[in-house]
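Enquirer: Residue numbers (the UniProt record's numbering): 1 to 196. Here a beta-carbon is modelled for each residue, glycine too, at the ideal position from N, C-alpha and C. Quick caveat, the model's predicted, so the values are computed rather than measured.
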């Protein structure tokens, strides 16, 4: 064996070891990568597809999601608007970070083990109909708005003199309003702590 052969074998073994070892990304790095909607779409698409995928297929699905339409209904302009940034920027960035294997000359994309670190942050890529139930985070604004409406109704009913509400003292009325806001705030705190 010559020195060149040994060097080549060591280099090949190092690249195999590097490819097999999983890179642990920091939370900041994960959020930085996910801040771009197109990267989120790429990773969502790759969640459901194993092996090498044509870059064109990824670009078409991302374009469809961006334009809220199907792949078949996409115009050539909509495809082009997504294809170029994916080809030049987003796929090379994900490849550089070790999240995907992107072969630009062949036009193929493949998910790596590193991509598994993003799964908990991505929504399932299944397209859901309007009738399907979708797990959405609680909109606390709507609860606070509801309490505001109820408080306004209580105050107006008391002021106008509606029989049941006119008998409420200002202390009871104010206490009821404060209690409602406190209950919603407390529920929000508990819900946010349980997410952690």
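Quick check on residue 121: buried or exposed, where buried means 16 or more other Cβ atoms within 10 Å of its Cβ?
Expert: So residue 121 counts as exposed.
Enquirer: Exposed or buried, residue 60, counting other C-beta atoms within 10 Å across all chains shown (16 or more means buried)?
Expert: With 16 or more other Cβ atoms within 10 Å, it is buried.
Enquirer: Does residue 111 come out as helix, strand or coil in the three-state DSSP assignment?
Expert: Looking at residue 111 - three-state DSSP - the assignment turns out to be strand.
Enquirer: For residue 200, which three-state DSSP category applies?
Expert: This structure does not reach residue 200, given that the chain is present from 1 up to 196, and the question cannot be answered.
Enquirer: Which whole-angstrom value is the C-beta distance of residue 165 and residue 154, which I expect to be below 8 Å?
Expert: Rounded, the Cβ-Cβ distance is 7 Å, consistent with contact.
Enquirer: Which word fits residue 99, buried or exposed, when buried means at least 16 other C-beta atoms lie within 10 angstroms of its C-beta?
Expert: The residue is buried, with at least 16 neighbouring Cβ atoms inside 10 Å.
Enquirer: Is the beta carbon of residue 65 less than 7 Å from the beta carbon of residue 41?
Expert: Yes. Within cutoff.
Enquirer: Could you tell me whether the Cβ atoms of residue 117 and residue 34 are closer together than 7 Å?
Expert: No. Outside cutoff.
Enquirer: Could you tell me whether any Cβ in chain B is nearer than 7 Å to the Cβ of residue 119?
Expert: Absence of chain B from the displayed structure is noted, only one protein chain being present.
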